[in-house]
Every structure is written in C-alpha cells, then in structure tokens.
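S.K.: Before I ask anything, let me first share the structure, which is written out below as structure tokens.
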Amino acid sequence: MRIIAGTARSLPLKTVEGLDTRPTTDRIKETLFNIIQDEIPGSYFLDLFAGSGQIGLEAVSRGARYAVFVDSGKKPAACIEENIRFTKFTKETKVYPTEALSALRAMEGKYQFDIIFMDPPYKKGIEQEVLRYLAASSLLKEDTLMIVEAALDTDFSYLSEYGLKLVRLKTYKTNEHAFIRRE
-2 MRIIAGTARS
8 LPLKTVEGLD
18 TRPTTDRIKE
28 TLFNIIQDEI
38 PGSYFLDLFA
48 GSGQIGLEAV
58 SRGARYAVFV
68 DSGKKPAACI
78 EENIRFTKFT
88 KETKVYPTEA
98 LSALRAMEGK
108 YQFDIIFMDP
118 PYKKGIEQEV
128 LRYLAASSLL
138 KEDTLMIVEA
148 ALDTDFSYLS
158 EYGLKLVRLK
168 TYKTNEHAFI
178 RRE
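Oh and the sequence shown: position 124 is 121 in the numbering used here, straight run, nothing missing.
In structure tokens, the structure reads:
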C-alpha cells in the first residue's frame, strides 16, 4: 500500500495487521481520487473508520488543506499516527482515536468538512447512523461530499429522510462507493 500521487507520491504506508480492516486497493483508491480530484485542493477532509489512514493521507498528498482521521481501534490509531509521521503530514492532520459518533460530537464547532469519506464495517447499518448524525450536524458545509465505501447490496433508500441524496454510485467487483450530498 502506498501514496499514489501528489507530494508524498510512492511513499509506502503501514497497514493494520489482522482481519479487522479491509485496506482499499490501489486500483479502487485511484478510481476514487480520479472522481473527486477537482474537489481535493484546499479541502478539509474527514476520514472515518480510517484504518491505516491511507485515504486521508492520499487527500493531503494531493492538496487537501487538512485531514482528520477517526478510528476507535488502538492498532489502527497507532498505525495512522505512524503513517502521518512517515509522510511528514503532522501539521496538516489530526487523529481522533475513538468511536465515530463520539468523534463527530467532539468535532462540532471546530470543523466543517468539504469531503467526508467513511469505510465502516459492512452490513451493520453503521453508515446510516453516521449519515443521520451528519445530516443534522454543523460539520457539513452546504455542498459537502460524503463518500461511503460499502458492500454491493447496501441500501441507501433512506437518504431523502435526512435531506440527503445519492449523486453517484460507483460499483466495483467486491464493493461500491456511494457519493452523497445534501438535497
């Protein structure tokens, strides 16, 4: 696993050992960043369920102004910190080593994000809880882009109940990216 493009291009990243995380493959990561490349420069980026932090670090490498990482596991949080130090992005990043909703509550009034990426455990409905919270929070700007990495059969039919809409769905062999904005 490595940074694909930008100022930290080709730097290898550590991954979290074990089966609790699913690192996004370089091919899927490259496709994702090709889709959002125009929104990255100068953005505030939130990486929820961050694992190794590779998505947020890729965003900073490509010009995001600031990235915040959230992961509740001790090993992932330590891995993110190590990758931040290795890429020398300590001034452009912050890590919240806690559960996602707790971190979001702690960030109220401190941040507004341009892009929010989340890769929660599949098929547990966690993305719905997080999207419900975000829709009513001050963390969103008017045009914030939320991206959910999810299992292929994940249902997003509830989005309009929260004032959100699916603007794009990119399907891969094993998973999908749902691109969501406010209605």
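Just so you know, even glycine gets a beta-carbon here, dropped at the ideal spot from N, CA and C.
Where A75 and F66 are concerned, what is the direct C-alpha to C-alpha distance, given to the nearest angstrom?
M.R.: Working through the sequence shown from its first residue, we reach residue 75 at position 78. Working through the sequence shown from its first residue, we reach residue 66 at position 69. Whole-angstrom Cα-Cα distance: 11 Å.
S.K.: Identify whether E146 lies in helix, strand or coil by the three-state DSSP scheme.
M.R.: Translated into the one-based positions of the sequence shown, residue 146 becomes position 149. Here E146 sits in strand by DSSP.
S.K.: Rounded to the nearest angstrom, what separates A64 and V57 at their Cα positions?
M.R.: Here residue 64 refers to the residue found at position 67 of the sequence shown. Here residue 57 refers to the residue found at position 60 of the sequence shown. About 7 Å.
S.K.: Can you list, in chain order, the stretches of the alpha helix (DSSP H) that have 4 or more residues and sit fully within the segment 95 to 174?
M.R.: Whole alpha helix (DSSP H) segments, 4+ residues: 97 to 104, 123 to 132.
S.K.: If A61 and I37 are in contact, beta carbons under 8 Å, what's the gap, nearest whole angstrom?
M.R.: Start at 1 with the first residue of the sequence shown, and residue 61 comes out as number 64. Start at 1 with the first residue of the sequence shown, and residue 37 comes out as number 40. Right, their Cβ atoms sit about 5 Å apart.
S.K.: Are the CB atoms of P20 and G48 within a distance shorter than 9 Å?
M.R.: If you number the sequence shown from 1, residue 48 lands on position 51. If you number the sequence shown from 1, residue 20 lands on position 23. Cβ distance < 9 Å, so G48 and P20 count as in contact.
S.K.: Contact check, I113 vs L45 under 8 Å by CB: the rounded distance?
M.R.: Stepping through the sequence shown from its first residue, residue 113 is reached at position 116. Stepping through the sequence shown from its first residue, residue 45 is reached at position 48. That belief holds up - the Cβ atoms of I113 and L45 are roughly 7 Å apart, short of 8 Å.
S.K.: So is P73 buried or exposed if we call it buried at 16+ other beta carbons inside 10 Å?
M.R.: To locate residue 73, count along the sequence shown from 1; it is residue 76. Counting Cβ neighbours within 10 Å, P73 comes out buried, since at least 16 surround it.
S.K.: How is the alpha helix (DSSP H) around V225 delimited, first residue to last?
M.R.: Because the chain is modelled from -2 through 180, residue 225 falls outside the range shown and cannot be assessed.
S.K.: Could you tell me the distance, in whole angstroms, from the CA atom of K138 to the CA atom of D111?
M.R.: Translated into the one-based positions of the sequence shown, residue 138 becomes position 141. Translated into the one-based positions of the sequence shown, residue 111 becomes position 114. So the two alpha carbons sit approximately 7 Å from each other.
S.K.: Drop a sphere of 10 angstroms on the beta-carbon of T171, count the other beta-carbons inside from all chains shown, and report buried for 16 or more, exposed for fewer.
M.R.: Here residue 171 refers to the residue found at position 174 of the sequence shown. The residue in question, T171, is exposed, as its Cβ has fewer than 16 Cβ neighbours within 10 Å.
S.K.: So, do the segment 75 to 88 and the segment 150 to 157 have three or more beta carbon pairs nearer to each other than 8 Å?
M.R.: Segments in contact, no.
S.K.: Is it buried or exposed for L16, if we count other Cβ within 10 angstroms and need 16 for buried?
M.R.: Translated into positions along the sequence shown, residue 16 becomes position 19. Confidence in L16 is poor, its pLDDT being 49 and thus under 50, which makes the residue's placement unreliable; the coordinate value appears in the next sentence. Answer is exposed; the Cβ neighbour count stays below 16.
S.K.: Roughly how many angstroms separate the alpha carbons of K93 and G50, rounded to a whole number?
M.R.: Taking the first residue of the sequence shown as 1, we reach residue 93 at position 96. Taking the first residue of the sequence shown as 1, we reach residue 50 at position 53. Note on residue identity: the sequence assigns Tyr, not Lys, to residue 93. The straight-line gap from Cα to Cα measures roughly 12 Å.
S.K.: Kindly say whether N80, judged by its beta-carbon, lies nearer than 9 Å to any beta-carbon of chain C.
M.R.: Although the question refers to chain C, the structure presented lacks it and comprises just one protein chain.
S.K.: Give the single residue among G106, P117, V127, K162 whose Cα lies nearest to the Cα of L136.
M.R.: Walking along the sequence shown from the start, residue 136 turns up at place 139. Nearest C-alpha to L136: G106.
S.K.: In terms of DSSP beta bridges, what is T90 paired with?
M.R.: Numbered from its first residue, the sequence shown carries residue 90 at position 93. Partner(s): A64.
S.K.: Just to confirm, is the Cβ distance from T28 to K167 under 9 Å?
M.R.: Numbered from its first residue, the sequence shown carries residue 28 at position 31. Numbered from its first residue, the sequence shown carries residue 167 at position 170. A contact, by the Cβ cut-off of 9 Å.
S.K.: May I have the straight-line CA-CA distance separating M104 from L128, to the nearest angstrom?
M.R.: In the sequence shown, the residue the question calls residue 104 occupies position 107. In the sequence shown, the residue the question calls residue 128 occupies position 131. About 15 Å.
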